[in-house]
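As structure tokens, this is what we get:
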């Protein structure tokens, strides 16, 4: 697939699909900071789990559609973050001092760090990596 075709299929490059796939869940995650003292913990946990799952599925679909490099990594990161939030938040797993807040922060930092791959290899992995021997 050519890079032009990949760009046309990339939901991250189109305003409406971007807002639907990532804007809404980001807004929900930001709102968690506002409602966490007023709403039941279970609702706040489901907001975090739902947002991570929503973005993870969006990334996995986008990676399959257009081959966006960071989506191959950020999709699974968000899904693992959702699972970890579920297990720790609802106390199915006891990880000691590891809290839902730490899991959320690590998930977000790891997902954002996948953009570094695109700076090195391009959005669709089309840049050639420099040959260290030449």
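In the working numbering, the protein residues as written are 592 to 725. Cβ coordinates follow ideal geometry from the N, Cα and C atoms, glycine included.
Going by DSSP in three states, residue i sits in which element: helix, strand or coil?
i: residue 647; result: helix
i: residue 611; result: helix
i: residue 592; result: coil
i: residue 717; result: coil
i: residue 631; result: coil
i: residue 742; result: Past the edges of the chain, shown from 592 to 725, lies residue 742, and the structure says nothing about it.
i: residue 698; result: helix
What residue range does the alpha helix (DSSP H) around residue i cover?
i: residue 673; result: 660-680
Rounded C-beta distance between residue i and residue j? I'm assuming under 8 Å.
i: residue 706; j: residue 669; result: 14 Å between Cβ atoms; not a contact.
i: residue 639; j: residue 626; result: Not quite, the Cβ-Cβ distance comes to about 11 Å (not below 8 Å), so this is no contact.
Using a C-beta cutoff of 8 Å, does residue i count as contacting chain B?
i: residue 628; result: No chain B appears in this structure, which consists of one protein chain only.
When you compare the CB positions of residue i and residue j, do they come within less than 8 Å of one another, or not?
i: residue 650; j: residue 666; result: yes
i: residue 646; j: residue 616; result: yes
i: residue 600; j: residue 664; result: no
i: residue 697; j: residue 679; result: no
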